[in-house]
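Peer 1: Below is the structure I would like to discuss, written out as structure tokens.
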Amino acid sequence: MKTFLSRSKTLLIVLSIILIIANFYLLSSTRDLTKSYTNQQNQATWFLFQLMKEFSELRSVSPYMLEGEKEFERTWLKYELTWSRFDILLYNQESHQFMALKGAQAFFELLFSRFKKVEEHLEQATDIERLSAVNRDFDLIYNEMVTFINENYRLKNPLHKKRIEQAQQLAYIQYLLMMLLFSCIALVSYIFYKESKQHKKLAYTDTLTGIPNRFSLFESLEESRKESAFTLFLLDLNGFKSVNDSFGHQAGDEALSQIAWRLTNMILIDQYKAYRMGGDEFAIILRSNLPDDIHNIISQIEACFEETIQLEGGYNVRLGCSVGTSSYPDDTMEISQLISIADHNMYKMKKTDKKGAS
């Protein structure tokens, strides 16, 4: 279980890191997408503005080309300027992103090619009829260009819609990744919580007997002092050393486990808890300082040692215990003194038992 939790935690942490990186990547992609679209719009606005400006002026002066030398030269100047604007739009490095728009390169190349073919007709426009034909060609090219611009660079144009769809897809993926990230963080937090709870349980539990240990006792004493009166019982086993000497430490461990089980399950009183202090010493906290309750639990503690303890190999041994008590707040209000009084009373009883036995 511990290995599984550890591996799961590691996997979730790695996945969380990957999701964080993915979110940063999506943020960067969204920013680049916005920047790219803005750049394309700015470039398109500038280059198209210049082209349309020159082309509009060409259309406005070309009908008067035959009225004089000045109008003739002005028409050709506007033609050449329009020609150069087409060339810049198509082949200048700065217009690269704009021309990356699907269909833009092919459309303007075709338009430019048709525009250049009009040059020959413009040179031959020596009368009103031929000049009118040239102007019709200019109008046709110009109107097609305006239509293309309106379709692709107004607010709800295909390019704009495509960018919106891409942005929505990125946003959806980002929301999904954020949900996964939060889920991973929640799972990692839960695993940390469970591990912390398990570590605390291990820190406050005696590994041999499975009952609360010395650390848990001191914590319970502090908590009990805040709540109400209580009585502390310290137990020291009699005859335990001979079990270790005669049958070995494994048998001694088995004896301690059985005693711990009896102290936890055979005492029929509410509001008490048993602890192992270490070695062959145990402790009990009773949530009462009434004399009748104290005598009652002492009787039941002694009853826990009436039956023999069965060891592996079919051996039966009998253990006893010496019990020392101290009550809060009757004896003292200090935890350290409370333990000292109970310990003193326990050893006092132990000496009395030895004298009685001799």
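Each residue of the sequence shown is one higher than the one before, counting from 1 in the working numbering.
Note that beta-carbon positions come from the ideal geometry of N, C-alpha and C, so glycine has one too.
Nothing here was measured: the structure is a model prediction, and the numbers come from that model.
#1: Give the secondary structure of residue 331 by DSSP, where H, G and I count as helix, E and B as strand, and everything else as coil.
#2: Buried or exposed: where does residue 346 fall if 16 or more other Cβ atoms within 10 Å of its Cβ makes it buried?
#3: Give me the Cα-Cα distance between residue 358 and residue 226, rounded to the nearest whole angstrom.
#4: On the DSSP bridge list, what partners appear for residue 320?
#5: Buried or exposed: where does residue 103 fall if 16 or more other Cβ atoms within 10 Å of its Cβ makes it buried?
#6: Which of helix, strand or coil does DSSP assign to residue 233?
#7: I'd like to check one pair, residue 267 with residue 376: are the Cβ atoms closer than 8 Å?
#8: Would the stretch 337-352 and the stretch 235-242 be scored as touching if the rule is three or more Cβ pairs under 8 Å?
#9: Counting only the same chain and skipping the five closest in sequence on each side, list residues whose C-beta sits under 6 Å from that of residue 331.
#10: Starting from the Cα of residue 323, find the closest Cα among 335, 343, 50 and 17 and give me that residue.
#11: Look at residue 86 and residue 49 and say whether their C-beta atoms are less than 8 Å apart.
#12: Please list the segments of the beta strand (DSSP E) lying wholly inside the stretch 66-146, counting only runs of 3 or more residues, in order along the chain.
#13: Between 201, 272, 47 and 220, which has its C-alpha nearest residue 91's C-alpha?
#14: Apart from the five residues just before and just after residue 157, which ones in its own chain have a Cβ nearer than 7 Å to its Cβ?
#15: For the 8 Å Cβ check, are there 3 or more pairs between the stretch 246-260 and the stretch 204-223?
#16: Kindly give me the distance between the Cβ atoms of residue 131 and residue 63, rounded to whole angstroms, as I take these residues to be in contact under 8 Å.
#17: Report all residues from its chain with a CB closer than 6 Å to the CB of residue 252; omit the five preceding and five following residues, and keep chain order.
#18: Hey, quick one: how far does the beta strand (DSSP E) through residue 281 stretch, first residue to last?
#19: Do you know how far the Cα of residue 279 is from the Cα of residue 339?
#20: Please report how far the alpha carbon of residue 180 lies from the alpha carbon of residue 101, in whole angstroms.
#21: Check each candidate in 307, 246 and 188 and name the one with the smallest Cα separation from residue 11.
Peer 2: Inspection of the coordinates gives the following:
#1: Coil at residue 331, not helix or strand.
#2: buried
#3: Its pLDDT being 46, under 50, residue 358 is placed unreliably in this model, and the value from its coordinates should be taken loosely. Approximately 44 Å, taken between the alpha carbons.
#4: Beta-bridge partners of residue 320 (DSSP): 238.
#5: exposed
#6: strand
#7: This structure gives no information on residue 376, because the portion of the chain shown stretches from 1 to 358.
#8: yes
#9: 341
#10: 343
#11: no
#12: none
#13: Of 201, 272, 47 and 220, the smallest CA-CA separation from residue 91 is found for 47.
#14: Residue confidence for residue 157 is low, a pLDDT of 49 falling below 50, so the modelled location carries little weight; the figure read from the coordinates is stated next. Closer than 7 Å at the Cβ level, and outside the excluded window around residue 157, lie 151.
#15: yes
#16: 7 Å
#17: Excluding the 5 residues flanking it on each side, residue 252 has same chain C-beta neighbours closer than 6 Å at 243 and 244, in chain order.
#18: Its beta strand (DSSP E) spans residues 281-286.
#19: If I take the Cα positions, the gap works out to 17 Å.
#20: 35 Å
#21: 188
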